[in-house]
Amino acid sequence: MDLLAAESNNPNHEFITFAIGMSSPVNYLPIVIQSAVAIGFVALALGASHLLGPKRKTAQKEESFECGIEIQGNARYPISIKYFLTAILFVLFDVEIIFFYPYAVNFKEMGIEGFIAVLAFVGIFMAGFIYVWKKGGLEWEK
Amino acid sequence: MGNSIFDQLPISQYIYLCCVLFAIGLFGVLYRRNAIVLLMCIELMLNAVNLLFAAFSSYMGDSNGQVFVFFIMVVAAAEAAVGLAILVMMYRNTRSTDVSLMDKLKG
Amino acid sequence: MKSLLIIFIGAIVVLFTGIKKPEKKSIGLAIAFLVMALALIPFDMMGKLPWNFEIKYAPINMVAFDISARAFSGVLILGTIFILGLFSGSDRKGSDLIGLVMFSLCGAILMTSFTNLIMMFLGIEALSIPLYVLAGSKKSDLRSNEAAIKYFLMGAFSTAIFLMGCAFLYGSSKGFDAFSLHDMSAFVGHNHMSPPLFTVGISLVLIGLAFKVSAFPFHFWSPDVYEGSPNRTTVFMAVIVKIAAIAAFYRFFPLIIGEAQAVTWGTILACISACTILVGNIGALRQKSVKRLLAYSGIAQAGYLLMGILIAPEKGFQALWIYSLGYVSANVIVFYLFNKVSAGGDETFAAFRGLGRNNKGAALVLCLSMLSLAGIPLTAGFAGKYLLFSSAFSDYIYLVIIALIGSAISIGYYFRIFKEAILMDGEARVQMRIVDILLLGLAVTMILGVGILPGFVIQILQF
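Those protein sequence lines, which keep their order, are chains A, B and C. Count along the first sequence from 1, then add 4; that gives the number in the numbering used here. Count along the second sequence from 1, then add 775; that gives the number in the numbering used here. Count along the third sequence from 1, then add 853; that gives the number in the numbering used here.
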């Protein structure tokens, strides 16, 4: 702080505070406190429930009691390929939406030219969608 | 002057971080054998690149870099879709995703 | 731009014809679109741009169809017409696969015409992603699966490296369009600096491109992938991908390498080229499978093509163009005949046995294309090699000597195919349709025409 006080007449004062601030660990303090609080809370909650909670385990208690059906087999069972196709199509169409964000931000500036470009994009997009649809990529029961 | 500490990190820190991320992905591709892990490593490499582009872009106040990031994300999704489809095809035929089983092609 | 749009629309139309109907007509439709695109190339935007994309004429667009872009995309479209026409019987005929081939061609054309790293990246990916699918299009064949997964992993890996290079270039030159890259390389050369970000960026991008052309340290994937893929996809990779990647290399290299640094990077590229020629030719000698042999021969050819990037842009462009015309036609012929004779499943040299006795015409055409690949005079291969070697001779004399040694080695393995086809007795037989004969005739005309009158063919570029 002495350094800052001494330099306060210097025209480069602002830059020097910036340069010092950059290397000073003080500015990291809020983050450290915040992460300490976050980690501490989680650790405290988990530890408390572990210590305070009763621990009696039997095979019967692990089963579902009067809710749902009996567990059969392993949870990591290979699921039908239909889910895969739908998931992939979802991801693809979802990610393509990303191009609408820049357009939405610059909607006014881009004017009619940008509108035509986006229409062309949507057209190609729809062509892909119709292809998937007609090919039967979206049919569940087949 | 920046209000949050993120504005005050020098660009070199971002470059180091991205290089480390990229290297993790790169060594993952070279040393792992499970095809799904390989795919994840490649995605990690691409995301390191995205982060670097975004960092440079905001550092230089030039938005072109972020446009590049959009394209990388979309292309990476398409690539992952095709890659996963190839993996499913491989899994159907061999019941495994281990790439070291792939040794039918030898000269 | 017009031809690119025509191909893109054609690809969508071809995809949609295959939804319900049987798949017979879509090849004709696709070829019609491609011929239209080829005819539109001379009318493409921009009249005469200088040979290699002079910076002061560069438009602000992200693609520029200057003369080198138009010439290379002409070769690429012509090659695709050959491939679709000649290999219609080999793979599954599905119009979805033909649509993918056309989408891939769109990517290849982008790679010849970019002025911006975004477009280069999109071109590489649009070229590669359909090819991952095509390589695995024989779904129940384990070899095809393996080729697809290897090609996919290598392709995605090299793309990631390429992108890291782009990010570094962006950070060091404050942009990734032609202007900023060119300014940066001029600035670096002028001040005799080597800024680490810029240098690392260049090397990473070059590594990514070297993967695509299968140049020396990054060539290991190509024999496996070529062997496992269906024949039509293999020839597409051997011809279209290689020419497109070389065209991208040709466009990128002078842009990013300032005059002051040309010596350093030129030496590195010359070493890569020499190693690629040697590795490809020596590797080809000990192969049994014809497809692997052609893969190694393709690696060697990539080495010769890299020489064209080292020499001055205008001469290099002419030499590369002539060489790629010969390369496309000769490779298409060899793959076509191999595809026909190996229909029984035998993929070794023995498949060619008896061709000379049963089909004299086919054997003659095979020999002609082998001679062109080996670089014997009066063929297009010789004209291309002559132009390359003579212009590289003054600066890179050792490279030229190594390339000559490589050519001498290559005669050895081409002669083995020749021997099996002409001298041995066997069952090889080729049934040609009229379309096949027409296209083969065109390819033979190209080999001989370019070989005998290379000066006249270069004149075509003046349009």
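The beta-carbon is built from N, C-alpha and C at its ideal position, and this holds for glycine as well.
Since residue i is in the alpha helix (DSSP H), which residue starts that stretch and which ends it?
{"i": "V1053 of chain C", "result": "1049-1066"}
{"i": "T870 of chain C", "result": "855-870"}
{"i": "A1000 of chain C", "result": "995-1026"}
{"i": "A1196 of chain C", "result": "A1196 of chain C -> no alpha helix (DSSP H), and no H or E assigned at all."}
{"i": "W144 of chain A", "result": "Neither: W144 of chain A is in no alpha helix (DSSP H) and is coded neither H nor E."}
{"i": "H1045 of chain C", "result": "Per DSSP, H1045 of chain C belongs to no alpha helix (DSSP H) and is neither H nor E."}
{"i": "M835 of chain B", "result": "810-835"}
{"i": "M972 of chain C", "result": "970-988"}
{"i": "N914 of chain C", "result": "Unbroken run through N914 of chain C: none, as it is neither H nor E."}
{"i": "A1203 of chain C", "result": "Counting along the chain, A1203 of chain C falls outside any alpha helix (DSSP H), and DSSP gives it neither H nor E."}
{"i": "L953 of chain C", "result": "948-966"}
{"i": "F846 of chain B", "result": "839-869"}
{"i": "V41 of chain A", "result": "33-56"}
{"i": "V888 of chain C", "result": "879-893"}
{"i": "T933 of chain C", "result": "920-939"}
Find the nearest neighbour of residue i within the set the options, judged by alpha-carbon distance.
{"i": "I1186 of chain C", "options": "C:E1080, C:Q1140, C:L1241, C:M1299", "result": "C:M1299"}
{"i": "A124 of chain A", "options": "C:I862, C:A1009, C:S1126", "result": "C:I862"}
{"i": "K1144 of chain C", "options": "C:I1060, C:A1245, C:E1200, C:I1096", "result": "C:E1200"}
{"i": "C797 of chain C", "options": "C:I1060, C:K1168, C:A1000, C:S1260", "result": "Shown here, chain C extends from 854 to 1316; a query on residue 797 of chain C therefore has no answer."}
{"i": "L970 of chain C", "options": "C:A1101, C:S941, C:I1311", "result": "C:A1101"}
{"i": "Y854 of chain C", "options": "C:F1029, C:I1287, C:N1044, C:S926", "result": "Looking at the sequence shown, residue 854 of chain C is not Tyr but Met. Comparing Cα-Cα distances from M854 of chain C to each of C:F1029, C:I1287, C:N1044, C:S926, the minimum goes to C:S926."}
{"i": "G803 of chain B", "options": "B:F843, B:S833, B:M820, B:A830", "result": "B:M820"}
{"i": "V849 of chain B", "options": "C:Q1312, C:F974, C:A1296, C:M964", "result": "C:F974"}
{"i": "V874 of chain B", "options": "C:M955, C:L931, C:Y1004", "result": "C:Y1004"}
{"i": "D1030 of chain C", "options": "C:G938, C:F967, C:L1178, C:Y1239", "result": "C:F967"}
{"i": "A798 of chain B", "options": "B:Q841, B:I817, B:I811", "result": "B:I817"}
{"i": "Y791 of chain B", "options": "B:R867, B:L805, B:A823, B:R807", "result": "B:A823"}
{"i": "G858 of chain B", "options": "C:F1010, C:G976, C:V916", "result": "C:F1010"}
{"i": "L963 of chain C", "options": "C:I977, C:L939, C:L1022", "result": "C:I977"}
{"i": "P1049 of chain C", "options": "C:L1062, C:F1021, C:S1075", "result": "C:F1021"}
{"i": "G1081 of chain C", "options": "C:S856, C:L1241, C:I1130, C:L995", "result": "C:L995"}
{"i": "I1305 of chain C", "options": "C:D1248, C:I1229, C:I1287", "result": "C:I1229"}
{"i": "A860 of chain B", "options": "C:L1006, C:F1202, C:I1262, C:G871", "result": "C:L1006"}
{"i": "L1217 of chain C", "options": "C:A1261, C:A1245, C:F1271", "result": "C:F1271"}
{"i": "F1064 of chain C", "options": "C:F886, C:K992, C:K1095", "result": "C:K1095"}
{"i": "N788 of chain B", "options": "B:L801, B:G840, B:L827", "result": "Position check: residue 788 of chain B holds Gln in this sequence, whereas Asn was assumed. Q788 of chain B has its Cα closest to that of B:L827, out of B:L801, B:G840, B:L827."}
What is the rounded straight-line gap between the Cα of residue i and the Cα of residue j?
{"i": "A1215 of chain C", "j": "M1277 of chain C", "result": "15 Å"}
{"i": "G1151 of chain C", "j": "L1173 of chain C", "result": "15 Å"}
{"i": "S997 of chain C", "j": "V109 of chain A", "result": "45 Å"}
{"i": "A924 of chain C", "j": "L1314 of chain C", "result": "7 Å"}
{"i": "L876 of chain B", "j": "S1142 of chain C", "result": "21 Å"}
{"i": "S27 of chain A", "j": "G1024 of chain C", "result": "Note that S27 of chain A has pLDDT 44, beneath the 50 cutoff, so the model's placement of it is unreliable and the number below is only indicative. Each residue's alpha carbon lies about 23 Å from the other."}
{"i": "G140 of chain A", "j": "V863 of chain B", "result": "19 Å"}
{"i": "V795 of chain B", "j": "I1121 of chain C", "result": "27 Å"}
{"i": "D1036 of chain C", "j": "V41 of chain A", "result": "50 Å"}
{"i": "I1290 of chain C", "j": "Q1284 of chain C", "result": "10 Å"}
{"i": "Y1180 of chain C", "j": "I1264 of chain C", "result": "16 Å"}
{"i": "A1039 of chain C", "j": "T1117 of chain C", "result": "15 Å"}
{"i": "F1348 of chain C", "j": "I102 of chain A", "result": "For chain C, the structure presents residues 854 to 1316; residue 1348 of chain C sits outside this window and is missing."}
{"i": "D1077 of chain C", "j": "A1000 of chain C", "result": "6 Å"}
{"i": "S879 of chain C", "j": "T1052 of chain C", "result": "47 Å"}
{"i": "A1115 of chain C", "j": "L1163 of chain C", "result": "9 Å"}
{"i": "L891 of chain C", "j": "L931 of chain C", "result": "7 Å"}
{"i": "I1110 of chain C", "j": "L950 of chain C", "result": "39 Å"}
{"i": "I811 of chain B", "j": "R1085 of chain C", "result": "28 Å"}
{"i": "A1236 of chain C", "j": "A855 of chain B", "result": "43 Å"}
{"i": "E1280 of chain C", "j": "M972 of chain C", "result": "49 Å"}
{"i": "S1260 of chain C", "j": "L1241 of chain C", "result": "13 Å"}
{"i": "I1311 of chain C", "j": "P1166 of chain C", "result": "15 Å"}
{"i": "S1243 of chain C", "j": "Y1157 of chain C", "result": "12 Å"}
{"i": "T869 of chain B", "j": "R807 of chain B", "result": "18 Å"}
{"i": "Y914 of chain C", "j": "F1032 of chain C", "result": "Note that residue 914 of chain C corresponds to Asn in the displayed sequence, not to Tyr. If I take the Cα positions, the gap works out to 11 Å."}
{"i": "S993 of chain C", "j": "M1160 of chain C", "result": "41 Å"}
Which runs of the beta strand (DSSP E) fall wholly inside the segment 1068-1109 of chain C and span at least 3 residues, in chain order?
-> Not a single unbroken stretch of the beta strand (DSSP E) spanning 3 or more residues falls wholly within the segment 1068-1109 of chain C.
Below 8 Å, can you find three or more Cβ-Cβ pairs linking the segment 1102-1117 of chain C to the segment 978-994 of chain C?
-> no
Alpha helix (DSSP H) runs wholly inside the segment 1239-1313 of chain C, at least 4 long, in chain order = 1250-1275, 1287-1305, 1307-1313
Uninterrupted alpha helix (DSSP H) stretches inside the segment 1126-1181 of chain C (no shorter than 4 residues) = 1143-1163
Should the segment 1126-1136 of chain C be called in touch with the segment 1203-1210 of chain C, which here means at least 3 C-beta pairs below 8 Å?
-> no
Whole alpha helix (DSSP H) elements within the segment 1205-1244 of chain C, 4-residue minimum = 1208-1211, 1213-1227
Pair every Cβ in the segment 1116-1130 of chain C with every Cβ in the segment 1255-1266 of chain C, then say whether three or more of these pairs are closer than 8 Å.
-> When Cβ pairs closer than 8 Å are counted between the two stretches, the segment 1116-1130 of chain C is seen to touch the segment 1255-1266 of chain C, the count reaching three or more.
For the segment 835-844 of chain B against the segment 86-96 of chain A, are there 3 or more C-beta pairs whose distance is under 8 Å?
-> no
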